[in-house]
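If you read the sequence shown in my numbering, its first letter stands for residue 222, the second for the next number, and so on.
Here the structure is laid out as structure tokens; the discussion comes afterwards.
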Amino acid sequence: VQTPAFISGGAINDKYHGTKSNLLISAVDWMPTLLHFTTFYDSGNKLDRNDVDGLDLYHDIFDSHTTNSNAFMTMSDKRKHLILSMEYENEKYINTGIIYKNYKLLINNKLTFFDGGSCNVRSASPDATD
């Protein structure tokens with residue numbers, strides 16, 4: 222699951238304009254990362270890891286080893302894996318996904334179509350009943 226994201230504005234150093242990073246970032250990482258563009262960290266504040274799930278990836282994004290990388294996707298050294306979803310329904314986990322390095326593992330994922338039909342992702346057949 223990949224979506225484009227971008228950072229723009231006067232707070233971004235000119236040397237980074239027009240560059241890109243293939244760093245894998247979760248939505249929860251944006252808040253601790255974007256706090257670098259405020260006085261939060263400069264004022265000596267720290268985020269409590271018990272209260273915030275995201276990682277501060279500011280230096281990962283702006284370090285030269287990830288910027289303009291030709292790699293398809295890179296994972297921060299701060300993270301070993303990324304859980305995409307863990308839904309719990311009827312006493313079992315459904316629609317679970319995890320990214321580890323360059324691999325994605327999907328478990329019990331069911332696609333539901335507009336006409337009400339569904340299929341298990343593993344079977345890739347709309348007629349599947351599992």
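Just so you know, even glycine gets a beta-carbon here, dropped at the ideal spot from N, CA and C.
A residue is called buried when at least 16 other Cβ atoms come within 10 angstroms of its Cβ; Pro253 meets this threshold and is buried. DSSP places Ile320 in the strand class (E or B) of the three-state scheme. Ile328 and Asn316 have their alpha carbons spaced roughly 6 Å apart.
Residue nearest to Ala248 within the set Lys322, Asn311, Gly338 and Ile304 is Ile304 (criterion: CA-CA distance). When rounded, the separation of the alpha-carbon atoms in Gly318 and Ile246 is 15 Å. Burial check for Leu244: the Cβ neighbour count within 10 Å reaches 16 or more, so the residue is buried.
In the structure shown, His238 adopts coil according to DSSP, grouped into three states. Residue pairing by DSSP places Lys325 opposite Ile320 in a beta bridge. Sequence-distant partners of Tyr279 (beyond 5 residues in either direction) whose C-beta falls short of 6 Å from its own C-beta, in its chain, are Thr254 and His257. Between Asp250 and Gly275, the C-beta gap is smaller than 8 Å, which places the two residues in contact.
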